[in-house]
Amino acid sequence: MIQKLKRLLSSRHVPIMVALLAAVLFAPTLGTGYMMDDHIHRISFLPEIRAQGGPWGDWDIFRFQDADRGHLHREMDRGTLPWWTAPDFRLAFLRPLASLTHAVDYRLWPDAPAVMHAQNIALFAILALLAAAIYRRTLGATACAGLAALMFAVDDAHAFTVGWIANRNALWAALFGFTAIWAHDRWRREGWRPGAALGPAAYALGMLSAEAAAATLAYLFAHAVWLERGGVVARARALLPYAAVALAWAVAYRALGYGAAAGGLYVDPVHEPAAYLAAAVERLPVLLLAQLTLVPSGLWIFVPEQHVVAAVAVVLVLLGLIAAALWAGVPRTRVSGFFATGAVLSLLPACATWPNDRLLLFSGLGAFGLIASVIAASREGLGRGARRVARGAAVAMVAIHVVLAPLLLVPRLSSNARMFDGLVQRAASSLPPEAEIAGRTLVVVNAPDTIAAGLGVTTRFIKGERMPAVIRQLGLTSAGTMRVARRDERTLDVTFSEGLFHNAMSKIHRTERDPLREGERIEVSGMTATVLSLTPDGSRPQRVEFRFDRPLEDPELVWVTWRDTRFERFDLPPVGGERVLDAIDLQRAFAGT
Numbered sequence: 000m001i002q003k004l005k006r007l008l009s010s011r012h013v014p015i016m017v018a019l020l021a022a023v024l025f026a027p028t029l030g031t032g033y034m035m036d037d038h039i040h041r042i043s044f045l046p047e048i049r050a051q052g053g054p055w056g057d058w059d060i061f062r063f064q065d066a067d068r069g070h071l072h073r074e075m076d077r078g079t080l081p082w083w084t085a086p087d088f089r090l091a092f093l094r095p096l097a098s099l100t101h102a103v104d105y106r107l108w109p110d111a112p113a114v115m116h117a118q119n120i121a122l123f124a125i126l127a128l129l130a131a132a133i134y135r136r137t138l139g140a141t142a143c144a145g146l147a148a149l150m151f152a153v154d155d156a157h158a159f160t161v162g163w164i165a166n167r168n169a170l171w172a173a174l175f176g177f178t179a180i181w182a183h184d185r186w187r188r189e190g191w192r193p194g195a196a197l198g199p200a201a202y203a204l205g206m207l208s209a210e211a212a213a214a215t216l217a218y219l220f221a222h223a224v225w226l227e228r229g230g231v232v233a234r235a236r237a238l239l240p241y242a243a244v245a246l247a248w249a250v251a252y253r254a255l256g257y258g259a260a261a262g263g264l265y266v267d268p269v270h271e272p273a274a275y276l277a278a279a280v281e282r283l284p285v286l287l288l289a290q291l292t293l294v295p296s297g298l299w300i301f302v303p304e305q306h307v308v309a310a311v312a313v314v315l316v317l318l319g320l321i322a323a324a325l326w327a328g329v330p331r332t333r334v335s336g337f338f339a340t341g342a343v344l345s346l347l348p349a350c351a352t353w354p355n356d357r358l359l360l361f362s363g364l365g366a367f368g369l370i371a372s373v374i375a376a377s378r379e380g381l382g383r384g385a386r387r388v389a390r391g392a393a394v395a396m397v398a399i400h401v402v403l404a405p406l407l408l409v410p411r412l413s414s415n416a417r418m419f420d421g422l423v424q425r426a427a428s429s430l431p432p433e434a435e436i437a438g439r440t441l442v443v444v445n446a447p448d449t450i451a452a453g454l455g456v457t458t459r460f461i462k463g464e465r466m467p468a469v470i471r472q473l474g475l476t477s478a479g480t481m482r483v484a485r486r487d488e489r490t491l492d493v494t495f496s497e498g499l500f501h502n503a504m505s506k507i508h509r510t511e512r513d514p515l516r517e518g519e520r521i522e523v524s525g526m527t528a529t530v531l532s533l534t535p536d537g538s539r540p541q542r543v544e545f546r547f548d549r550p551l552e553d554p555e556l557v558w559v560t561w562r563d564t565r566f567e568r569f570d571l572p573p574v575g576g577e578r579v580l581d582a583i584d585l586q587r588a589f590a591g592t
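Heads up: the sequence shown begins at 0 in numbering that gives the first Met the number 0, then just goes up one per residue.
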């Protein structure tokens, strides 16, 4: 039986087989529908929504907020951005190739998400084929190479990557990145001259698909260190075309106003090196643990701030034990060094944003090559203790990545859809009816995040309903309490017991790096927010006054707040009275139960 498996895994047909297997396993995503940014992209192609300062065209749909401050103020007035958005906030990505594929979708078949998901599945199937080709080049036509390809194709961590339409940019970036790695290796080790041009060209196309393609450089560097022959100068010279592409991309990226700034969703490694380093120290172990085990890295955003240090310590201990077990059985070869170096370094670009398994495409290439080597390695020459550890590690990796991962794939696909699109659909269904909010101001006292109400309104608009003129979100509270006191007929005095920016969701548009100060006033259409006091450590607002331009009972103001799993009406306290809202349980809010 084992010999048959070995022959099957070493077959020259493995790349095609794993590609087909990937397509079959991910077929359930065809019924997933839209999630999160998909709704934003879908509505952005409606002529009445295109706004000055937003996307420059069909090739630019990932430009959410650029350096245009006029556009930022207009979006804050509309409520698309919350009142606390930092004045320098920017979130714009140069992804023209991926953008154009979405433009085709939303212009030709906007109501056919299955067609869009089919494209994602096809891209991942091709990616699995490329991964298999790279494994065969580095590990030979062996069962080890086939096993690595199989694990990459069935990895449950790819569920969100493939199942989210808007994440197609990552698939294109990886597809071109893997092509560059394959072509570069064939050029450098076989003298295949077309690879000298194909590699940099593919890398350039990857960078025009998504910033994630920067991870390609990790494997090219690892290739120069471990697999190249010759002197240091010759190895470095082979990387110069890629460096030139990276430099040209960086110059264009900055000149055209792309990048992220002043928010918590992304950290710019160039402009905020200290913040990025701190984020990498926290996030790199979390991503590595997710790559090697079944623990989803996306759960990290639910870890309370006060427990982050302890949680990182636990992750490091677990990661150390796993690494030690793998080290006992990993072959001491240059190929192992190549895979290990590429897997770790490829995660550094991913550390610029919140941990999530959708960031594990590139690291999976190296991790599964290394894990397959551990499983297939001979135990000869090891001591009894090391041999037992190595065998235990091999058994555990087979159980996790060959047996359990494909079994968990479909449940993770459905749970992602239930969690992310379920939140939006519950928000949409629980908001007041169209007749009450159309053309009025929807005031959201508390919510799980800054986009639940907006996306809920968006989905209803797509179905033909009219939108509110403005959305006003007062704050986010997922810890402690939110005390809402009525000062007079137009004013609320809100106290956040744990401060306003106490979780990741509330820091998307502003962080402690750009703090709000006591006495600071922010005026948006129809409302003025004034910071009355800060938390004892002075890091974030604790009391905020909200004064509206009309009585709070005015029918033009429609009040809601989040409770448990959906929105409900918010009953205003009388003048001189108050209401105390309990914190939102984020896990319950997203899970819907």
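Virtual Cβ for every residue (Gly too), placed ideally from N, Cα, C.
query: By a C-beta neighbour count over all protein chains shown, 10 Å radius and 16 as the cutoff for buried, is residue 644 buried or exposed?
result: Outside the displayed range of the chain (0 to 592) lies residue 644, so it cannot be described from this structure.
- request: Run the CB neighbour count on residue 222, radius 10 Å, all protein chains shown included, and call it buried at 16 or more, exposed below.
  value: For the purposes of this step, residue 222 is taken as residue 223 along the sequence shown, with counting starting at 1. Under this definition residue 222 is a buried residue.
- prompt: To which residues does DSSP link residue 389 through a beta bridge?
  reply: Position 390 of the sequence shown, counting from 1, holds the residue named residue 389. For residue 389, which the question treats as bridged, DSSP gives no partner whatsoever.
message: Does the contact criterion of 3 or more C-beta pairs under 8 Å hold for the segment 489-505 versus the segment 463-474?
response: They touch, by the three-pair rule.
task: Report the residue from 484, 462 and 285 whose alpha carbon sits nearest the alpha carbon of residue 575.
output: Stepping through the sequence shown from its first residue, residue 575 is reached at position 576. Looking at the Cα atoms, 484 is the closest of the given residues.
- prompt: So residue 422 packs on residue 159, CB below 8 Å; how close in whole Å?
  reply: Here residue 422 refers to the residue found at position 423 when the sequence shown is read from its first residue. Here residue 159 refers to the residue found at position 160 when the sequence shown is read from its first residue. The Cβ separation is near 15 Å, so there is no contact.
query: Which residue from 23, 211, 155 and 161 puts its Cα closest to that of residue 32?
result: For the purposes of this step, residue 32 is identified with residue 33 of the sequence shown, where counting begins at 1. Nearest C-alpha to residue 32: 161.
field: Stretch-stretch touch, CB-based, cutoff 8 Å, three pairs: the segment 142-158 with the segment 4-12
entry: Of all C-beta pairs linking the segment 142-158 to the segment 4-12, three or more are shorter than 8 Å, placing the two stretches in contact.
- prompt: For the segment 53-65 against the segment 74-93, are there 3 or more C-beta pairs whose distance is under 8 Å?
  reply: Yes, since at least three Cβ pairs between the segment 53-65 and the segment 74-93 fall closer than 8 Å, the two stretches touch.
- prompt: Is there contact between the segment 315-324 and the segment 349-363, where contact requires at least three CB pairs shorter than 8 Å?
  reply: No, the segment 315-324 is not in contact with the segment 349-363.
query: Are there three or more Cβ pairs, one per stretch, closer than 8 Å when the segment 292-312 is compared with the segment 115-123?
result: With fewer than three CB-CB distances shorter than 8 Å, the segment 292-312 does not count as touching the segment 115-123.
task: Report yes or no: do the segment 68-79 and the segment 184-192 share at least 3 C-beta pairs separated by less than 8 Å?
output: By the criterion of at least three beta-carbon pairs nearer than 8 Å, the segment 68-79 is not in contact with the segment 184-192.
Minimum Cβ-Cβ distance from residue 401 to chain B less than 8 Å: No chain B is present in this structure, which holds just one protein chain.
- request: Within the same chain, show all residues whose beta-carbon is closer than 7 Å to that of residue 284, passing over the 5 residues directly before and after it, in chain order.
  value: Along the sequence shown, one-based indexing puts residue 284 at 285. Excluding residues within five positions, the ones whose Cβ falls inside 7 Å are 311, 314, 315 and 318.
Three-state class that DSSP yields for residue 584 in the structure shown: Looking up residue 584 in the sequence shown gives position 585. Note: residue 584 maps to coil in three-state DSSP.
task: Go through its chain and collect everything with a Cβ distance to residue 301's Cβ below 8 Å, but skip five positions before and after it.
output: Here residue 301 corresponds to residue number 302 of the sequence shown, with the count starting at 1. Contacts found: 585 and 586.
message: Below 8 Å, how does it come out for the segment 514-532 and the segment 540-550: are there three or more Cβ pairs, yes or no?
response: The segment 514-532 vs the segment 540-550: in contact.
- prompt: Between residue 440 and residue 556, is the Cβ-Cβ spacing less than 8 Å?
  reply: Residue numbering aside, residue 440 sits at position 441 when the sequence shown is read from its first letter. Residue numbering aside, residue 556 sits at position 557 when the sequence shown is read from its first letter. One thing to note: residue 440 has its Cβ within 8 Å of the Cβ of residue 556.
task: Report yes if the CB atom of residue 531 is closer than 8 Å to the CB atom of residue 543, and no otherwise.
output: Here residue 531 refers to the residue found at position 532 of the sequence shown. Here residue 543 refers to the residue found at position 544 of the sequence shown. Their beta carbons are under 8 Å apart, which means residue 531 touches residue 543 by this criterion.
- prompt: In whole angstroms, what separates the C-alpha of residue 191 from that of residue 198?
  reply: Start at 1 with the first residue of the sequence shown, and residue 191 comes out as number 192. Start at 1 with the first residue of the sequence shown, and residue 198 comes out as number 199. Rounded to the nearest whole angstrom, the CA to CA distance from residue 191 to residue 198 is 11 Å.
- request: Output yes or no for whether 8 Å exceeds the beta carbon distance between residue 181 and residue 132.
  value: Locating residue 181 in the sequence shown gives position 182, where the first residue counts as 1. Locating residue 132 in the sequence shown gives position 133, where the first residue counts as 1. A contact, by the Cβ cut-off of 8 Å.
- request: Tell me residue 470's beta-bridge partners as DSSP assigns them.
  value: For the purposes of this step, residue 470 is taken as residue 471 along the sequence shown, with counting starting at 1. Residue 470 is bridged to 441.
Given residue 434 as reference, the closest of 580, 291, 554 and 252 once Cα atoms are compared: Residue mapping note: residue 434 aligns to position 435 of the sequence shown, counting from 1. The candidate whose alpha carbon is nearest that of residue 434 is 554.
task: Kindly indicate which residue of 560, 552 and 139 has the alpha-carbon position closest to the one of residue 573.
output: Numbered from 1 along the sequence shown, position 574 holds the residue referred to as residue 573. Minimum Cα-Cα distance from residue 573 among the listed residues 560, 552 and 139 corresponds to 552.
Alpha helix (DSSP H) segment containing residue 149, residue limits: For the purposes of this step, residue 149 is taken as residue 150 along the sequence shown, with counting starting at 1. For residue 149, the enclosing alpha helix (DSSP H) has its first and last residue at 142-153.
field: For residue 558 and residue 442, the rounded distance between their alpha carbons
entry: Taking the first residue of the sequence shown as 1, we reach residue 442 at position 443. Taking the first residue of the sequence shown as 1, we reach residue 558 at position 559. Roughly 5 Å separates the two Cα atoms.
- request: Spatial neighbours of residue 569 within its chain, please: CB distance less than 7 Å, with the 5 preceding and 5 following residues excluded, ordered by chain position.
  value: By one-based count along the sequence shown, residue 569 stands at place 570. Same-chain partners within the cutoff: 444, 558, 559 and 560.
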